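Engineer: Take the sequence shown: its letters are residues 1 to 321, numbered as in UniProt numbering.
Note that CB positions come from ideal geometry on N, CA and C, so glycine has one too.
The model shown is predicted, which means the values in this text are computed figures rather than measured ones.
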Amino acid sequence: MAIEYDYHHLHHVKEQSKSRKTLWITLILTAFFTLVEIVGGVLSNSLALLSDSAHMISDVIALGLSMIALYLATHQPNARFTFGFLRFEIIASFLNGLALCVIALGIFIEGVQRILHPQPIQLGLMLGIASIGFIVNLVLTLVLHNSVKEEDNLNVQSALWHFFGDLLSSVGVIVSSIIIYYTGLLWFDPLISMVIGGIIFIGGSKIIRESYLILMESVPEHFNLDEIRSAIRSVEGVEDVHEMHLWAISTDHYSLTAHVFIDSHIQPFCVILAVNETLKSKYGIEHSTIQIEHANINPHGEYGKEFLKHKEETRRKELLT
């Protein structure tokens, strides 16, 4: 008889319809306007416009990765990927952030060369395309911002940073073209592009840091591990909490494991239920694995011996008082 294995009691999936629709709309509009900016940047010979179009290319790649991540996030866990495919969302975010930083460095290098060797610019074409770009990027930034407010997704957040950078790029190109028109100072074009590159680099660094911390399975910043350990310790029957780990599988999907020494007179199943309920109600952690132990049976080396010694000393003091 064939046995159907349940790889987990929780569904490690994300059904984010709002994010999916938002990314599809954004991807189509971005791909179209990227072509417009590339042509306009080449014809006008504007580095600021070309840097913006290069950033738009990275947006298309980033949105493509985000769409793949959203698609994989809907897949159920299997025998090989028992946590499902949620982690690809973080991998895609890391790659997006890395792309932002690489593009920013490229813009900075090209900007230095343009400052040393200024080149003529067609201001009319540059200003016209930048104005259209400002409107498109403003709309897309607002759409993504509303999506992030409704559904927590690091992929969409990284896409939002991309388009926030695009919005600033459009503003920078407009300001640059106006200044050059009235002053004739061609070095304003690469200077503005370098400022834009710096802002893009900051956004990319932020995304890299957030995704790196999740990939390294660090404790999410909004959790206090000592506080959670204390809350578990306060559950009736729990005498000690150790070997505790808390990490994020993806944004808003957390896992916790812990070993606990318990009073041998307390029903262990009751302790597990109470600990799980505490984690769920106080911290929103629904995926937890609690290993019940007795210090005499699972001493954990010197740790268990020290625990038993401290427990005996505490009992002796209580008897004396």
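#1: Would you grab the beta carbon distance between threonine 82 and valine 60 for me? Rounded to a whole angstrom, and I think it's under 8 Å.
#2: If you reduce the DSSP assignment to three classes, tell me which class methionine 1 lands in.
#3: State whether the segment 237-255 contacts the segment 82-94, with contact taken as three or more CB pairs (one from each stretch) at a distance under 8 Å.
#4: Assign aspartate 189 to one of three DSSP states: helix, strand, or coil.
#5: Buried or exposed for aspartate 226, please, with buried defined as at least 16 other CB atoms from any protein chain shown within 10 angstroms of its CB.
#6: In terms of residue numbering, what span does the alpha helix (DSSP H) encompassing serine 255 cover?
#7: Please report how far the alpha carbon of residue 344 lies from the alpha carbon of leucine 144, in whole angstroms.
#8: Under a three-way DSSP split, which group does isoleucine 292 fall into?
#9: Given this structure, state the Cα-to-Cα distance separating methionine 1 from arginine 80, to the nearest angstrom.
#10: Please go through the same chain and pick out, in chain order, the residues whose beta-carbon is closer than 7 Å to the beta-carbon of leucine 168, but skip the five residues on each side of it.
#11: Given this structure, state the Cα-to-Cα distance separating glutamate 217 from isoleucine 28, to the nearest angstrom.
#12: Excluding sequence positions up to five away, which residues of its chain have a Cβ less than 6 Å from the Cβ of isoleucine 285?
#13: Which two residues bound the contiguous beta strand (DSSP E) that contains serine 250?
#14: Drop a sphere of 10 angstroms on the beta-carbon of glutamate 89, count the other beta-carbons inside from all chains shown, and report buried for 16 or more, exposed for fewer.
#15: From what residue to what residue does the alpha helix (DSSP H) around histidine 310 run?
#16: Let me check understanding here. Comparing Cα to Cα, which of Phe188, Ile179, Gly133 and Thr183 lies closest to glycine 165?
#17: Does residue 330 pass the burial test, meaning 16 or more other C-beta atoms within 10 Å, or should it be called exposed?
#18: How is histidine 117 classed by DSSP in three states: helix, strand or coil?
#19: Are the beta-carbon atoms of valine 241 and arginine 229 separated by less than 8 Å?
#20: Please report the straight-line C-alpha distance between proline 118 and methionine 244, rounded to a whole angstrom.
#21: Under the rule that 16 or more other beta-carbon atoms within 10 Å means buried, what is threonine 26, buried or exposed?
#22: Given a cut-off of 8 Å, decide if leucine 123 and isoleucine 180 are closer than it, judged by their beta-carbon atoms.
#23: So, under 8 Å CB-CB, isoleucine 107 and serine 193 are touching, yes? Tell me the CB distance rounded to an integer number of Å.
#24: Rounding to the nearest angstrom, what Cα-Cα distance links glutamate 306 and leucine 319 in this structure?
#25: Which one of Lys21, Gln291 and Phe269 has the shortest CA to CA distance from alanine 258?
#26: Can you check DSSP and say which residues form a bridge with histidine 287?
#27: So, helix, strand or coil for alanine 79, using DSSP?
#28: Return the residue from the list Ala62, Glu277, Asp189 and Gly172 that minimises the CA-CA distance to leucine 99.
#29: Taking the alpha carbon of isoleucine 297 as the point to measure from, which residue in Thr289, Leu308, Trp187 and Ser288 has its own alpha carbon closest?
#30: Please look up how many angstroms separate the CB atoms of phenylalanine 201 and alanine 73, rounded, as I've assumed it's under 8 Å.
#31: Kindly list the residues whose CB is nearer than 6 Å to the CB of leucine 140, restricted to its own chain and excluding five residues on each side of it in sequence; keep chain order.
#32: Just how far apart, CA to CA, sit leucine 10 and asparagine 276?
Structural biologist: In this structure, then:
#1: With a Cβ gap of about 33 Å, threonine 82 and valine 60 do not count as contacting.
#2: Bear in mind that a pLDDT of 42 at methionine 1, under 50, signals an unreliable position, so the number given afterwards is only what the model happens to contain. It is coil, neither helix nor strand.
#3: yes
#4: helix
#5: Aspartate 226 should be labelled exposed.
#6: Segment 253-262 is the beta strand (DSSP E) holding serine 255; no alpha helix (DSSP H) there.
#7: With the chain covering 1 to 321 only, the question about residue 344 has no answer from this structure.
#8: strand
#9: For methionine 1, the pLDDT reaches just 42, beneath the cut-off of 50, and the residue's location in the model is therefore unreliable, although a value from the coordinates is still provided. C-alpha separation (whole angstroms): 22 Å.
#10: Ile196 and Ile199
#11: 34 Å
#12: Tyr254, Leu256 and Leu279
#13: Element bounds for serine 250: 238-250.
#14: buried
#15: Where histidine 310 is concerned, the enclosing alpha helix (DSSP H) stretches over 302-320.
#16: Closest in C-alpha terms to glycine 165, from the list Phe188, Ile179, Gly133 and Thr183, comes Gly133.
#17: Because the chain here runs from 1 to 321, residue 330 falls outside it and cannot be looked at.
#18: coil
#19: yes
#20: 59 Å
#21: buried
#22: yes
#23: 5 Å
#24: 20 Å
#25: Gln291
#26: Ser255
#27: Of the three classes helix, strand and coil, the one that applies to alanine 79 here is coil, per DSSP.
#28: A small correction: the amino acid at residue 99 is alanine; leucine does not occupy that position in the sequence shown. Selected option, being the one with the closest Cα: Ala62.
#29: Leu308
#30: Beta-carbon to beta-carbon, phenylalanine 201 and alanine 73 are separated by about 28 Å, too far to satisfy the 8 Å threshold.
#31: Thr26 and Phe163.
#32: Note that leucine 10 has pLDDT 49, beneath the 50 cutoff, so the model's placement of it is unreliable and no number is given.
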